[in-house]
Amino acid sequence: MKFLLKKEEMFSFMLPEFLVERRGDRCIKCRVCERQCGFGVHSYDEMSNTMRADEMKCVGCQRCAVMCPTKALIIRPHPSDYRPNANWTREKIQDLKKQAESGGVILTGSGCDKPYRIYWDHIVLNAAQVTNPAIDPLREPMELRTFLGRKHDKLEFSFDGGEVELVTELYPNVQIETPILFSAMSYGAISYNAFKSLAMAASEYGTLFNTGEGGLPKELRKFGKNAVVQCASGRFGVDPEYFNVAAIVEIKIGQGAKPGIGGHLPGEKVTKPISETRMIPEGTDALSPAPQHDIYSIEDLSTLIYALKEATNYEKPVSVKIATVHNVAAIASGIARAGADIIAIDGIRGGTGAAPKIIRDNVGIPIELAIASVDERLRREGIRNKVSLIAAGGFRNSADIVKAIALGADAVYIGTPALIAMGCTLCQKCHTGICNWGICTQDPQLSKRLNPEIASKRLVNLLKAWSNEIKEMLGAMGINAIESLRGNREMLRGVGLQEWELEVLGIKGAGE
Amino acid sequence: MRGFEKVHDACGLFGVIDRSGSRFDSDMVVTAMKNMKVRGNGLGGGFAAYGIYPDFKDYYALHVMLETPEVRKDVESFLEKNFDVVNAEEIPTNSEANVFRPPVFWRYFVMPKNDEGDDYVVSKVMEINTKIDGAYVISSGKNMGVFKGVGFPEDIAEFFLLHEYRGYMWIGHSRFPTNTPGWWGGAHPFNILDWSVVHNGEISSYGTNKRYLEMRGYFCTLLTDTEVMAYAVDLLMRKQGLPIEIVAKILAPPMWDQIGRMDEKSKKIYTALRITYAPLLINGPWTIIVARHGEMFGITDRIRLRPITSGEKGDLFFVSSEEAAIRAVCGELDRVYTPMGGEPVVGRLYKFEKAERRSQRGEVFA
Ligand code: SF4
Ligand code: SF4
């Protein structure tokens, strides 16, 4: 601890974010907390034989509290606060002070935590009573199988001498066993072990993970048939094999947490294996440009879509991922017409490994409204079945997913829930490269905390639990196949929403 | 678009065809409906009869329901503009019949101007139903007609003097709505061109089906999910030309488990159908009877939550919610058959059973 500052140094005016309480009657001075905290909060003072804590460094990740063998630690938001002010909240004042001290853009991780209306919490589901028997998923088949890709308007058959032949050749479609995919999280942003856990879980459950824009390490290409591989503005890790081992190729235009901003992987995270996978020099910042510099228009996008289709012999669906911005519906329609087979839309609450806080918290629109308006727009134009619609950003439980599908999504990407399943506590420090849970870090000491066997088991359990809950909800509605929920807004009613909100969501108010 | 109110109901269904094509009166269908009285509650009944207008068999017979007499002007000027109207008359009714607030019904035998065909008629029907307030086209086929309203089926039959018509195929419906819209247009059968549908059940996939059909230009205006059935069948059978055996597998497809156990060829076809026509899977409990000239078929949902039975006697083929209703009109049957979920039972005119139609049923769908 420094008490004397040099003249040019500034004394920090920041308050600590968290209070670290250690119950002396429990602490056995085992120093587990010291070893667990990558931020260096805990230390042992031999002279006085006491454990100390540098609270200023604590990010509230709860790693030490969970690991402490005697449960001696309580970590909670720091009670010290400024005079209450509805306008100048503690966070606003602290952010401003931080900038006055650093002169920089404030970076953060995870998704937007601001209290924009969460529409999921204002939508209730239907259930069958009397006129329509509920179906019991424990006793009867309940189908969640989903196909991603372009669909035909109609099928042609030939009937020769009693032989039925399918004449139409289907567009490439990818089969998944539950409408839940893992969102794009790159190797680099997350640790090798976290990345591998996602791949293992997707392959075990019969769904897909998404490589993000960091490539797919050679030895993990065996998981290719469960991979959505991204082609983003930095083109990191892109080679022909990368595309051809994949189930789906995804062009990343934007991300819900940072619409209009490219990826940023700081040099410290670019270790040797990452540099090999991304095909960039070790230790250099991996900066993806904000736009794709070969896409300045919808025609350019179309060119890239078809280039990727050529490269994969028209055998794989091509997805285009965009952030949900104001005119997302019109953009989605353009993307469908440009030849994409899948459109992924990522809402304002979508997560990130690193983004300017000001962008994360202020740019974009909630995914609920975006799903509704994109689905409606594509239907009005008669092209809804030309694309599958995957929604991302802001799913917290299986009911959110059921509501998303009823609004019109084919499937959802989950990022934050997958991270939480692996241990994440949403401390929002992904961008620091220090993650005490071994998820969002390249520090070998930290990342080895995540055992892929165990983490993938947690992920599979999550998929299983949510899928079972979805089946329960479907059965309650008297539906036994997920396709009968898709776009079925009759199953939804709004509570506490204004007229315009009901209108955009295309649902009735409760009681209507 | 926040959508219309949907009516929930449960019902009794009956259909009969003389496969030799001989025409007969409404006696059987009315008796059968009476036999299933418990399946209705007097809030809806109706019939479709095929072969009843031989004198005008080349013209589209539009049965139009007029909620107020004044709206007839608008309908007629619309028809004059878009069709050659060869005959127009009020449908004769019995004012003594025990029915609830009957509107006025007119029928027009028309031919589209400029050689336009079925699609044109469909679009004009949609236009009347959505744009002319208080006027609804309740049937629009050639040489057939729908008679329906609020009341028990036998009262509806009496109201429309049904015993005066003779057809080779009849279907009937008795309705038990859970609410009381008291609206004549909401009764069954639903019809477009010569397709008629009667339905028992509640479609839990209604929202999905409806929005898919809207994308295909069908707008559900009659406030009931049966309409969805009628439009789905029109799209698949008339527009896309798929045979009943395939359409059955779209509306009520086998489970993925079953598909997984099929041989490669069947697996491929069934998978393609489920992928492509997923939005037309009709979920929930339902049975329908669909009729068009020359044939009718009955089918129930994939897990058979609502009843259906078929029977045969000589040239007669029956399909009904209950065997008792068939027995009530034909005590001795050659064959009684209760199909599996999703398995269609089909009654066709013999002349339609010939080569071309048989070839449409392959072994995959046998
Ligand atoms: S882990 Fe718990 S018991 Fe061990 S030193 Fe830290 S606070 Fe004390
Ligand atoms: S940062 Fe995490 S591990 Fe370190 S003290 Fe705070 S809560 Fe404990």
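Top to bottom, those sequences are chains A and B. All residue numbers for the first sequence refer to the numbering used here, where the first residue is 7 and numbers rise by one. All residue numbers for the second sequence refer to the numbering used here, where the first residue is 180 and numbers rise by one. All residues carry an ideal CB built from backbone N, CA and C; glycine is no exception. Quick caveat: nothing in here was measured; it's all calculated off a predicted structure.
For Cys430(A) and Ile445(A), I'd like the C-alpha separation in whole angstroms.
7 Å
Which of the three DSSP states is assigned to Val251(A) in this structure?
coil
Given 8 Å as the limit, tell me if Ile482(B) has its C-beta closer than that to any heavy atom belonging to ligand 2.
no
Per DSSP, which residues does Trp374(B) bridge with? Please list them.
Ile371(B)
Ignore the nearest five residues each way along the sequence and tell me which others in Leu430(B)'s own chain have a CB closer than 6 Å to its CB.
Ile461
Is Arg89(A) near ligand 2, with its Cβ less than 8 Å from a heavy atom?
no
Is there a C-beta anywhere in chain A that falls below 9 Å from the one on Asp550(B)?
Examination of residue 550(B) is not possible in this model, given that chain B is present from 180 through 545 alone.
Quick one: what does DSSP say Arg156(A) is sitting in, helix, strand or coil?
coil
Look at the Cβ atom of Asn250(A), then the Cβ atom of Ala190(A), and state whether they are nearer than 9 Å.
no
Helix, strand or coil for Asp494(B), going by three-state DSSP, please let me know.
coil
Which chain B residues sit within Cβ distance under 8 Å of His158(A)?
Thr455
Give the straight-line distance between the Cα atoms of Glu507(A) and Ala516(A), rounded to the nearest whole angstrom.
13 Å
What residues from chain A crowd round Ser353(B), counting only those whose CB sits closer than 8 Å?
None at all; the shortest Cβ gap to chain A is about 16 Å.
So within the stretch 297 to 341 of chain A, which uninterrupted alpha helix (DSSP H) runs reach at least 4 residues, ignoring any that extend past its ends?
304 to 317
What runs of the beta strand (DSSP E), each 3 residues or longer, lie entirely inside the stretch 140 to 198 of chain A?
152 to 154, 163 to 166, 169 to 172, 180 to 182 and 186 to 188
Can you tell me where the alpha helix (DSSP H) holding Ala134(A) begins and where it ends?
That residue, Ala134(A), is in no alpha helix (DSSP H); it is neither H nor E in DSSP.
So is the beta-carbon of Ile524(A) under 8 Å away from any non-hydrogen atom of ligand 1?
Nothing about residue 524(A) can be reported from this structure: the residues present for chain A run from 7 to 518 only.
Is any beta-carbon of chain A found at less than 9 Å from that of Gly541(B)?
With a pLDDT of only 44 at Gly541(B), under 50, the local geometry of the prediction cannot be trusted, and the value read off the model is given with reservation. With 9 Å as the cut-off, Gly541(B) counts as an interface residue toward chain A.
Residues of chain B with a CB under 7 Å from the CB of Ser490(A): which are they?
Ser383, Ser384, Thr387, Leu460 and Asn462
Chain A residues whose Cβ lies nearer than 9 Å to that of Met394(B):
Leu384, Arg385, Arg386, Glu387, Gly388, Ile389, Arg390 and Asn391
Can you confirm whether Pro139(A), when its beta carbon is compared against all beta carbons of chain B, has any partner nearer than 9 Å?
yes
Work out the CA separation of Lys63(A) and Leu25(A) for me, nearest whole Å.
10 Å
Have a look at Glu183(A) and Ser201(B) and give me their C-alpha separation to the nearest angstrom.
52 Å
Any chance you could list the beta strand (DSSP E) runs of at least 3 consecutive residues sitting entirely within the stretch 355 to 409 of chain A, in chain order?
394 to 398
Which listed residue (Gly330(B), Thr387(B) and Glu337(B)) has its alpha carbon closest to that of Arg280(B)
Gly330(B)
Does ligand 2 have even one heavy atom less than 8 Å from the beta-carbon of Leu456(A)?
no
Applying the 10 Å Cβ sphere with the 16-neighbour rule, what's the burial state of Val543(B)?
At Val543(B), the pLDDT of 49 sits below 50, so the modelled position is not reliable and the matter cannot be decided from this model.
Span of the beta strand (DSSP E) holding Ser353(B)?
Met348 to Pro356
If you run the structure through DSSP and keep just helix, strand and coil, what is Ile81(A)?
strand
Excluding the 5 residues preceding and the 5 following Val173(A) in the sequence, name in chain order all residues of the same chain whose CB lies nearer than 7 Å to its CB.
Glu162, Phe163 and Ser164
Roughly how many whole angstroms lie between the Cα atoms of Ile304(A) and Gly345(A)?
10 Å
Any idea what DSSP makes of Val208(B), helix, strand or coil?
helix
Answer yes or no: the CB of Lys63(A) versus the heavy atoms of ligand 2, is any distance below 8 Å?
yes
Collapsed DSSP secondary structure at Lys327(B) in the structure displayed:
strand
Please state the DSSP three-state secondary structure of Lys321(B).
strand
Should Ala3(A) be listed as close to ligand 2, given that the test is whether its C-beta is under 8 Å from any heavy atom?
An answer regarding residue 3(A) cannot be provided, because it is not within the stretch 7 to 518 covered by chain A.
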